[in-house]
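Here the structure is laid out as structure tokens; the discussion comes afterwards.
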Amino acid sequence: MSAPIAYVLFLSFAVFCFGACGFLIRKNALSLLICLELMLSGVNMAFVGFSRLHQNEGGNVLYFLVITVAACESAIGLALILNFFRLKKSVRLDEARALEG
Amino acid sequence: MEEQSHLQCIAALAVLLPLVGSALWFSLGKKFGEKFVSIGAVSFLALSFACIAYIFFTATLPLRINFFQWLPLGTSSVSFAFLFDPLSLALSMVVTGVGTLIHLYATGYMHGDAGFGRFFSYLNLFVFSMLMLTLSDSLPGLFLGWEGVGLCSYLLISFWFTDEANASAGKKAFIVNRVGDFGFLLAMFCIFKVFGALSIPEILQTVQAGNFSGDDLFWTRLACFGLVLGAAGKSAQIPLYVWLPDAMAGPTPVSALIHAATMVTAGVYLCCRMQPLFLLHLDVLNVIAYMGAITAFFAATIAIFQNDIKKVLAYSTISQLGYMFLAVGLGAPVAAYFHLITHAFFKALLFLGAGSVIHGLHHEQDMRHMGGLRTKMPITFWCMTIGVLAIAGVPPLSGFVSKDEILHNVWGNHDWTLVALAFTTAFMTAFYMGRLWIMTFFGKFRGHHEAHESPWTMTSVLVILAAASALAGILNWPHLWGGSETLGTYLSTVVQALIHHAEDPAHALQSSLTLAVVSSLVGLAGLTIAYFRYRNFSGEEFSSPAFRPFQNKYYIDELYDAIVVKNLRMFGKFLWKVVDGFVLDGVLNGSAALASRTSTYLRQLQTGLMQQYALWIWIGFLILLLGAWTGRS
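Chains as they are written, first to last, in my numbering: chain A, 1160 to 1260; chain B, 8 to 640.
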């Protein structure tokens, strides 16, 4: 017996919102990356849930795609953070405001 | 057909040679050197003269040579074509003939000038434009030449442009001419409105066919007035004569060619060319007659009081042009044309003679510093003597014959105001020319430099022109005195005389002889009085304040300055300071300031903090979500 779709969506939305809130309030760039991963996972959960609901493979395929993109994105993000750390000796993002208008 | 294409080549050659020359001397004048340019410029002009003379002697007139369609204008079109008829050929002969002589003279006069090539380039361009003016068979073509000669006049007046006075004299000539050009353009528009065509033969044919409604006559009258304004501008008549005396700032050959012999007669040519149109409006002809007579009179009164030798000749030119307009206005275009041709000879001669004197005295133009040049410059002296006698109207020189013909027509018109003006002017002409002659060549030498005779290039031209001035009277020697009136017969196919002397021949001969005796006596009296007045001239005269208005040219320049120039300048200042500086700049700078001020506020949004941007994305997303929620069906 599988869980009803509403539960799945609720969980998915909750994970996504944790991620989003974390993204907005944390200062540490590494935490921000983790929060991004959380948001993506929330979305993935909804994909898988819908895939099960509709009994087709689309959602699962999209899940793999998102996971791949997320891996790439973390790699680029980590590289950026590494370089930023070399420059500023810190990973606090509020120090990165060179583009202030 | 064969004949036509053969003449087409010759006509094109006549007009294009000066143009090609102009381009050559302008671009390569420095490289070619003075000698090459002199020979080239003179021979190009001589060839052009030969081409015109060939057509003059061989072609059957009127001859229309079509080149190509130029301006398609709705239902009609203007073709680029030359019209060879007695009027245009006679003037073209004068232009290229006198032009060649003056080119030859200029090679001596301009010797050693830094702008030698440039000078001949402009001079050749002038001859090209003048030929366009005379030969074009359509009004736009004529206008092209009209503007071309105006441009060359401007370029040549301010030829020595490093001197501020020369540059502003050029500008003055150009701007005053623009006023006349406005009249010409207006006339062209009116003519197109009525006739729907701009080709001159076509227009004149329609005019002669008659049949005009009152409305048409209104427009043709306006066209006539426009043409008069144009002619007054180009030919320096009241009220637009002010530019010509200043135009003497240019080199003397220019004054002779452009501002005495050819360009300034373009107005007379135009009036003769469009004569059938003027015959529709006799009142306009009357205006022309009075304009000419008054100009002739006033210019002569000013000429008496000038001390600059070229200024005297300039006012004399204005005065003689006034005579021509008087004749045109009285319906005696042949007399006007005859005077135009003889005037081209003797006034060119006088100017070139004056140029020779100026050259010999190292650019001294003030007659008070001349005198006694009779022995030092004998050739110049004798040639000038012929010129002076011709313009003063001493028989049997050309000026006497042509002026007498005009006076004869004035007399036959029975308008005593005009008669008085014309005869007084004749007297004054003789007086001021005598004054010029005696102040320059007689008495003691009052100058600073040692005078010398000019080179052969200059004196030979003087001799040729003196011969022409003496003999040109034969061209139209009256029937009554046993002549053949060649010019009158030649022109009779294109212009018509309004005044017919329907007296019996014996009486006519008697009255014409009386008139001739009177007019030559008037001329001789003027010369004699001048001789006794200036025989012992010492350098000072006219100190009485009563003469001041004449010396200051009736303050006309000052008047124009106060009425027109000052106000225009103020208007210009208004446009500059208020319209441009305040309104236009205000709008532009205001919008720029607005953009800059808004952006100072808007840029606060760009904090550079990545998380804040994410927040904005979130808020935007939530607003979209809310919109979708409330807008659901």
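Built from N, CA and C at the ideal position, the CB exists for glycine as well.
Show which residues of chain A have a CB atom less than 7 Å away from the CB atom of residue i.
| i | result |
| --- | --- |
| ARG610(B) | GLY1260 |
| THR614(B) | ARG1256 and GLU1259 |
Contact check, residue i vs residue j under 8 Å by CB: the rounded distance?
| i | j | result |
| --- | --- | --- |
| THR382(B) | GLU460(B) | At roughly 10 Å, the Cβ-Cβ gap does not stay under 8 Å, so THR382(B) and GLU460(B) are not in contact. |
| HIS415(B) | LEU516(B) | With 8 Å as the limit, HIS415(B) and LEU516(B) do not qualify as a contact, their Cβ atoms being about 12 Å apart. |
| LEU337(B) | ALA296(B) | 5 Å |
| GLY480(B) | PRO556(B) | The Cβ separation is near 36 Å, so there is no contact. |
| GLY1260(A) | GLN618(B) | Between GLN618(B) and GLY1260(A) the Cβ distance is about 16 Å, and since that is not below 8 Å, they are no contact. |
| CYS197(B) | LEU229(B) | 5 Å |
| GLY1181(A) | LEU1199(A) | Actually they do not touch by this definition, with Cβ atoms about 13 Å apart. |
Looking at residue j and residue i, is the spacing between their C-beta atoms short of 8 Å?
| i | j | result |
| --- | --- | --- |
| GLY152(B) | MET137(B) | yes |
| HIS266(B) | CYS231(B) | no |
| GLY36(B) | PHE51(B) | no |
| ARG542(B) | PHE449(B) | yes |
| VAL271(B) | LEU359(B) | no |
| ALA477(B) | ALA355(B) | no |
| MET374(B) | THR447(B) | yes |
| VAL364(B) | LEU380(B) | yes |
| LEU14(B) | LEU90(B) | no |
| ALA306(B) | GLY274(B) | no |
| GLY1178(A) | CYS1194(A) | yes |
| LEU157(B) | GLN244(B) | According to the sequence shown, residue 157(B) is Gly rather than Leu. It is not a contact, given that the beta carbons lie outside the stated cut-off. |
| VAL1228(A) | MET1204(A) | no |
| TYR112(B) | THR392(B) | no |
| LEU494(B) | LEU482(B) | yes |
| LEU425(B) | LEU333(B) | yes |
| THR114(B) | PHE56(B) | no |
| PHE135(B) | MET195(B) | no |
| PHE63(B) | PHE74(B) | no |
| GLY441(B) | ALA537(B) | yes |
| THR67(B) | SER95(B) | no |
Quick one: what does DSSP say residue i is sitting in, helix, strand or coil?
| i | result |
| --- | --- |
| ASP568(B) | helix |
| ASP315(B) | strand |
| GLN212(B) | helix |
| LEU236(B) | helix |
| ASN1187(A) | strand |
| ILE72(B) | strand |
| ARG453(B) | coil |
| ASP411(B) | helix |
| LEU1241(A) | helix |
| ARG542(B) | coil |
| TRP77(B) | strand |
| VAL102(B) | helix |
| VAL401(B) | coil |
| LEU90(B) | strand |
| VAL85(B) | strand |
| SER175(B) | helix |
| ASP373(B) | strand |
| ARG1251(A) | strand |
| SER143(B) | strand |
| SER499(B) | coil |
| SER206(B) | strand |
| ALA66(B) | coil |
| THR269(B) | coil |
| ALA553(B) | helix |
| ASN218(B) | coil |
In chain A, which residues lie less than 8 Å from residue i when you measure between Cβ atoms?
| i | result |
| --- | --- |
| TRP625(B) | ALA1179 and LEU1183 |
Between which residues of its own chain and residue i is the CB-CB distance below 6 Å, once the five residues before and five after are set aside?
| i | result |
| --- | --- |
| PHE202(B) | ILE210 and THR213 |
| MET8(B) | Any reading at MET8(B) is ruled out, since the residue's pLDDT is 44, under 50, leaving its predicted position unreliable. |
| THR269(B) | VAL102 and MET137 |
| VAL85(B) | TRP77, LEU78, SER145, PRO147 and LEU205 |
| GLY190(B) | GLY233, LEU236 and GLY237 |
| LEU163(B) | TYR129, GLY257 and VAL261 |
Residue i versus chain A: which residues are under 9 Å apart at the beta carbon?
| i | result |
| --- | --- |
| LEU622(B) | LEU1183 |
Residues in its own chain within less than 8 Å of residue i by CB, not counting five upstream and five downstream?
| i | result |
| --- | --- |
| TRP32(B) | PHE39, VAL44, GLY47, ALA48, GLY124, ARG125, PHE127, SER128 and ASN131 |
| GLY530(B) | ALA399, GLY400, VAL401, PHE407, ALA433, PHE434, THR436 and ALA437 |
| VAL183(B) | GLY240, LEU247, VAL249 and TRP250 |
For residue i, go through chain B and note every residue whose CB falls closer than 9 Å to its CB, in chain order.
| i | result |
| --- | --- |
| LEU1252(A) | LEU616, MET617 and GLN618 |
Apart from the five residues just before and just after residue i, which ones in its own chain have a Cβ nearer than 7 Å to its Cβ?
| i | result |
| --- | --- |
| GLY1208(A) | ILE1164, VAL1167, LEU1168 and SER1171 |
| ALA361(B) | THR259, ILE316, LYS317 and LEU320 |
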